[in-house]
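Each protein sequence line maps, in turn, to chains A and B. Mapping of the first sequence onto the numbering used here: residues 1 to 408, in sequence order. Mapping of the second sequence onto the numbering used here: residues 409 to 779, in sequence order. Yeah, the Cβ is synthetic: ideal placement off N, Cα and C, and Gly gets one too. First comes the structure, then the notes that go with it.
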Amino acid sequence: MDFNDTPQEAEFRAKCRAWLEDNAELKTKKTNSAKNMNVGNKSLLEAAAEWQKKKYDAGWAMIHWPKEFGGIGATPIERIIWAQEESKFNVPKGVYEIGLGMAGPVMMEYATDEQKERYLPPMAEGKEIWCQLFSEPSAGSDVAGLRSKAVQDGENWIVNGQKVWTSGAHFSDFGILVVRHDPSLEKHKGLTFFFVNMKSPGIEVKPIKQLTGGSSFNEVYFNDVVIPDSQRLGEIGDGWKVAITTLMNERLAVGDADGVDANEAFELAKKHDKDGEQLIDNNAVRESIADWYCEASGLKNTKLRTMSALSRGDTPGPEASITKIVSANKLQAIGNFGMDSSDMSGMLMDEESDFIKFQMAWMGAAGLRIAGGTDEILKNIIAERVLGLPQEARADKGLAFKDIPSGS
Amino acid sequence: MNLDFSDDQKLLQEEAKKFLTKEDALKINRAVMDSDKTYDQDLWNKIVELGWTGIRIPEEYQGLGLSHLELCVIAEELGRQLAPVPFSSSVYLFTETLIEFGSEEQKQSILPKLVTGDVIGTLAIAETNSAPTINNISVELKDGKLSGTKIAVPDAEVATHAVVVAKNGDSVSLCVADLNSDDVDISVQRNIDESRGYYSVSFNDANAEIIGDEESGWSNLEKIMDHAAVLFSFEQIGGAQASLDMANTYAKERYAFGRPIGSFQSMKHKLADMYVALTLAKSNSFYGAWALSSNAAELPTAAATARVSATKAFQLCSQENIQTHGGNGFTWEYDCHMFYKRSKVLSLNLGSLPSWREKLIKSLEQANIKL
Ligand SMILES: Cc1cc2nc3c(=O)[nH]c(=O)nc-3n(C[C@H](O)[C@H](O)[C@H](O)COP(=O)(O)OP(=O)(O)OC[C@H]3O[C@@H](n4cnc5c(N)ncnc54)[C@H](O)[C@@H]3O)c2cc1C
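Here it is, written out as structure tokens:
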């Protein structure tokens with residue numbers, strides 16, 4: 001056992017590191033991570049675009065992609081090493097992740113060669129931003145329950161309906177989209193997958209103001225939007241199969257929640273004074289911090305076990321499936337702890353104070369526990385896919401979609 | 409990056425698993441519970457024959473000279489099958505103390521006998537119903553003689569020797585005592601796990617020999633506890649995995665309301681929670697194993713982290729395994745209770761969950777370790 005890179009890994013890490021040092025600024029204790037959170041803020045968009053372009057020009061944007069699309073054909077372990085190193089630097093985040101993480105793999109797998117040539121490089125370069133148009137008012141966890149309609153019309157499809165919670169739709173150029181082409185089929189069989197130009201006539205994007213006050217997600221309306229059949233990904237009726245590749249990506253691979261962790265709680269407890277007594281001397285505080293530390297350490301070492309398997313060239317086990325549940329809940333608990341430590345004034349927000357990171361954690365965590373698969377859905381997935389437990393009895397099995405009870 | 413066991417270590421683990429399955433260790437454990445015995449002699453003899461008691465003992469003392477990592481994989485299997493043997497007392501506690509702090513003479517006289525099974529050891533710490541500290545040890549060592557009473561000493565009946573934590577003038581020392589001496593009285597104490605034996609041990613001016621620096625007994629004890637915490641954590645994740653597996657099998661087979669109980673969502677989420685706790689514990693135990701085998705400066709933090717998460721995981725999994733089994737879970741006939749009880753004694757044997765959370769925070773305060 002060791003935590004060392006193999007010589008090749010070490011060499012690769014040094015290369016990442018050297019380039020990052022020349023092109024970005026290392027995070028320091030003073031870096032206020034909370035300040036980078038307001039997606040949709042214009043200057044963040046510009047900063048993110050600039051950073052993405054810089055990476056692309058140097059070959060770091062999508063390193064696991066083949067050369068012709070702007071990558072360097074990096075191995076999974078190299079991809080992790082790059083991400084580890086990049087995360088130590090203070091670089092803009094929150095604009096490209098969904099497109100590159102969700103739309104990228106689907107396009108890579110299902111688009112024609114010509115389409116890949118056309119769309120993948122600008123996606124990697126950051127010239128074109130992509131969003132994911134899956135959730136609808138009536139279909140979130142049960143995303144296959146979606147109702148947006150596509151009707152074939154010669155070489156085209158005419159799409160009508162509404163998507164919701166679409167992160168980044170307001171600044172996206174393209175989106176991946178699942179729609180229902182035939183409501184008389186069973187729920188999962190009547191779906192078809194497309195990519196769509198967000199500037200198409202008939203698409204209307206309305207930002208949704210969210211709990212944080214910011215607007216990172218949107219309602220997206222489709223009114224007779226024309227999508228060429230050539231933009232269909234997968235066969236007609238294969239929409240669920242195509243979607244599930246991305247959803248599995250999203251639900252099982254969603255990483256660690258960014259933000260305050262056991263260390264920050266510990267630092268806060270050490271400096272916080274309560275009637276001459278430090279918070280860290282309070283037994284309940286000590287126990288909570290110990291448990292958070294164990295969770296944080298458990299997640300970190302789980303990731304290292306996954307990396308170990310990749311480093312050997314093996315397929316990792318399902319252990320990473322615990323990541324989002326544990327980290328999002330921990331984030332929420334630590335956010336609460338931070339504010340409680342200030343007692344009657346814990347609610348007061350000050351942009352300039354480092355303390356705001358606890359408040360941002362508390363707010364953000366509420367969304368993280370929902371985005372990309374709720375806690376409950378993730379537990380279902382662990383139970384069914386990892387532990388092999390039987391599926392829930394379902395009220396919609398075997399029914400044509402139009403006959404399924406919908407509660408409305 | 410290699411936070412995993414080697415192929416050879418995994419092979420050893422596989423062999424250990426096959427051996428314990430063939431011996432039907434779980435059934436033996438049940439037989440011990442049904443008798444007035446507190447361990448199984450036959451299973452112990454076979455374990456000694458396999459060389460497991462000498463895994464960490466250097467070859468010059470007739471051991472196998474392997475690392476802590478080999479011990480970790482064996483521990484996981486012993487925990488999975490609840491083997492009723494004095495392995496943890498003799499190997500994780502007593503042998504570790506000798507290897508770490510024994511004089512050359514002590515090593516020469518005792519280590520080879522641990523390999524052959526002629527010596528079985530244990531560690532005697534507790535005296536009262538509050539957690540032992542450097543200030544409340546009253547069993548006393550004076551002029552090479554021990555006096556006073558220890559309680560909750562594991563495996564003291566089968567053990568031939570004990571490392572005893574004793575007050576020695578102004579400091580605390582570790583010393584080795586022969587438990588077969590006439591000046592030592594041992595009596596069994598009733599405990600929650602019928603497959604394990606805990607004893608009170610009274611020393612009446614019994615001979616004892618200091619082991620390790622006589623002023624550093626307490627810090628040496630803490631070091632041994634860190635070693636044992638990692639090894640115990642592997643027994644705990646083994647037991648937690650077995651509990652989760654049992655619950656999982658039962659949840660698929662048992663029907664209620666016309667469907668398998670494992671299709672009810674609260675049952676699924678219960679099992680998912682068990683899986684989450686176990687995965688965190690396993691990853692932290694691997695980290696502990698790394699720190700232990702490489703003698704890293706992080707060991708106190710890594711050991712406490714492994715210990716806290718493994719204790720939580722085994723307690724949760726064994727308790728929810730009973731719940732998953734309904735009425736059957738509460739019977740003597742089903743195995744659930746054996747895991748439930750073992751989870752609690754494995755926890756208390758090295759000090760409670762709150763005590764280890766406290767150790768973890770102390771280690772963070774001292775080392776200023778960052779994640
Ligand atoms: C910040 C944020 C960003 C997002 N970005 C995107 C995006 O870019 N693109 C996109 O398509 N979507 C996006 N989403 C939507 C997200 O995927 C859904 O909100 C999520 O899947 C939950 O769906 P829902 O909101 O319809 O809630 P519902 O599905 O109605 O769930 C409501 C509650 O019921 C529970 N529930 C539902 N079904 C079950 C079940 N079978 N068992 C147990 N409990 C159940 C849920 O766990 C939840 O607690 C985003 C959401 C958030 C919060």
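Quiz item: How long is the line joining the alpha carbons of LYS678(B) and GLU728(B), rounded to whole angstroms?
Solution: When rounded, the distance between both Cα atoms is 7 Å.
Quiz item: Is the Cβ of HIS677(B) closer than 8 Å to any Cβ of chain A?
Solution: Closer than 8 Å to some Cβ of chain A, the Cβ of HIS677(B) qualifies, so yes.
Practice problem: Look up PHE69(A) in the DSSP assignment and say whether it is helix, strand or coil. | Solution: If DSSP states are grouped into helix, strand and coil, PHE69(A) belongs with the helices.
Self-check item: Span of the alpha helix (DSSP H) around GLN649(B)
Solution: Counted as a single uninterrupted DSSP element, the alpha helix (DSSP H) harbouring GLN649(B) occupies residues 625–661.
Quiz item: Can you name the residues of chain A whose CB is closer than 7 Å to the CB of PRO708(B)?
Solution: Within chain A, not a single residue places a beta-carbon under 7 Å from that of PRO708(B); the smallest gap is close to 13 Å.
Practice problem: Please indicate yes or no: does the CB of THR524(B) lie closer than 7 Å to some heavy atom of ligand 1? | Solution: False, no ligand heavy atom lies under 7 Å from that Cβ.
Quiz item: Of all the CB atoms in chain B, is at least one closer than 8 Å to the CB of THR246(A)?
Solution: No, THR246(A) lies away from the interface with chain B (no Cβ there is under 8 Å from its Cβ).
Self-check item: Near ligand 1: ASN329(A) beta-carbon under 7 Å from a heavy atom
Solution: In this structure, ASN329(A) has its beta carbon at no less than 7 Å from each heavy atom of ligand 1.
Practice problem: Could you tell me whether the Cβ of GLY298(A) comes closer than 8 Å to any Cβ of chain B? | Solution: At least one chain B Cβ lies under 8 Å of GLY298(A).
Quiz item: Mind checking if SER763(B) is an interface residue toward chain A, Cβ cutoff 8 Å exclusive?
Solution: No - not a single Cβ of chain A is within 8 Å of the one on SER763(B).
Quiz item: Do the region 329–345 of chain A and the region 264–274 of chain A touch if we need at least three Cβ pairs shorter than 8 Å?
Solution: With a cut-off of 8 Å on Cβ pairs, the region 329–345 of chain A is in contact with the region 264–274 of chain A, counting three or more such pairs.
Self-check item: Option nearest VAL638(B) by Cα separation, candidates LEU451(B), CYS480(B), GLU508(B) and LYS445(B)
Solution: The shortest C-alpha separation from VAL638(B) is found at CYS480(B).
Self-check item: Local conformation of GLN723(B) per DSSP, three classes
Solution: In the structure shown, GLN723(B) sits in a helix (DSSP, three-state: H, G or I).
Quiz item: Got a sec? Which residues, its chain only, sit under 8 Å from GLY237(A) by beta carbon, not counting five neighbours each side?
Solution: Scanning its chain for C-beta atoms nearer than 8 Å, with the 5 sequence neighbours on each side dropped, one finds around GLY237(A) the residues HIS181, ASP182, LEU185, LYS189, GLY190, LEU191 and THR192, in chain order.
Practice problem: Examine chain B for any beta-carbon lying closer than 8 Å to the beta-carbon of ILE382(A), and answer yes or no. | Solution: It does: the Cβ of ILE382(A) has a partner Cβ on chain B nearer than 8 Å.
Quiz item: Beta carbon of ALA371(A): closer than 7 Å to some heavy atom of ligand 1?
Solution: Within 7 Å of the C-beta of ALA371(A) there is at least one heavy atom belonging to ligand 1.
Self-check item: Chain-ordered chain A contacts of TYR663(B) [CB-CB under 8 Å]
Solution: Correct list: empty, because the minimum Cβ distance to chain A is about 11 Å.
Quiz item: Of all the options ASP601(B), LYS770(B), ASP551(B) and PHE747(B), which has the alpha carbon lying nearest to the alpha carbon of ASP444(B)?
Solution: Ranking ASP601(B), LYS770(B), ASP551(B) and PHE747(B) by Cα distance to ASP444(B) puts ASP601(B) first.
Practice problem: Have a look at GLU287(A) and LYS379(A) and give me their C-alpha separation to the nearest angstrom. | Solution: Take the alpha-carbon of GLU287(A) and the one of LYS379(A): they are about 26 Å apart.
Quiz prompt | chain B contacts from the region 307–327 of chain A (Cβ-Cβ distance under 7 Å) | solution = Residues MET307, SER308, SER311, GLU319, ILE322, ILE325 and VAL326.
Quiz item: Which chain A residues sit within Cβ distance under 8 Å of LYS660(B)?
Solution: The answer, in chain order, is GLY388, LEU389 and PRO390.
Quiz item: Which residues of chain A have a Cβ atom closer than 8 Å to the Cβ of LEU477(B), listed in chain order?
Solution: Those are MET1, listed as they occur along chain A.
Quiz prompt | Cβ-Cβ separation, SER497(B) to ALA585(B) (assumed contact under 8 Å), whole Å | solution = So it is not a contact: roughly 14 Å between Cβ atoms.
Exercise. Sort out for me which residues DSSP pairs GLN449(B) with in a bridge.
Key: Its beta-bridge partners do not exist; DSSP assigns none.
Quiz prompt | Length of the line joining the Cα atoms of TRP51(A) and ALA169(A) | solution = Between TRP51(A) and ALA169(A), the C-alpha separation is close to 20 Å.
Quiz item: At least one CB of chain A closer than 8 Å to the CB of GLN723(B): is that the case?
Solution: No, because no Cβ of chain A sits closer than 8 Å to the Cβ of GLN723(B).
Practice problem: Report yes if the C-beta distance between VAL285(A) and ALA361(A) is below 8 Å; otherwise report no. | Solution: Result no, Cβ atoms of VAL285(A) and ALA361(A) do not sit closer than 8 Å.
Practice problem: Would you give the residue range spanned by the beta strand (DSSP E) that GLN162(A) belongs to? | Solution: Segment 156–167, the beta strand (DSSP E) holding GLN162(A).
Quiz item: Can the beta-carbon of ILE77(A) be found less than 8 Å from the beta-carbon of GLU9(A)?
Solution: Taking 8 Å as the Cβ cut-off, ILE77(A) and GLU9(A) qualify as a contacting pair.
Practice problem: With hydrogens ignored, establish whether the beta-carbon of GLN673(B) is closer than 7 Å to any heavy atom of ligand 1. | Solution: Yes, Cβ of GLN673(B) sits closer than 7 Å to a heavy atom of ligand 1.
Quiz item: Smallest Cα separation from PRO137(A): which of GLU155(A), GLN152(A), GLY398(A) and THR166(A)?
Solution: Scanning GLU155(A), GLN152(A), GLY398(A) and THR166(A) for the CA closest to the CA of PRO137(A) turns up THR166(A).
Quiz prompt | Nearest residue (CA-CA) to ASP634(B), options LEU652(B), ASN599(B), ILE669(B) and ALA705(B) | solution = Per the Cα distances, ALA705(B).
Quiz item: For ILE730(B), which of ASN656(B), SER771(B) and GLN774(B) has the nearest alpha-carbon?
Solution: Nearest C-alpha to ILE730(B): ASN656(B).
Quiz item: Rounded to a whole number of angstroms, what is the C-alpha to C-alpha distance between SER691(B) and MET123(A)?
Solution: Their backbone Cα atoms lie some 36 Å apart in a straight line.
Quiz item: How big is the Cα-Cα spacing for SER671(B) and GLU384(A)?
Solution: Using only the alpha carbons, I get a separation of about 9 Å.
Quiz prompt | GLN649(B) classed as buried or exposed, judged by whether at least 16 other C-beta atoms fall within 10 angstroms | solution = With 16 or more Cβ atoms within 10 Å of its Cβ, GLN649(B) is classed as buried.
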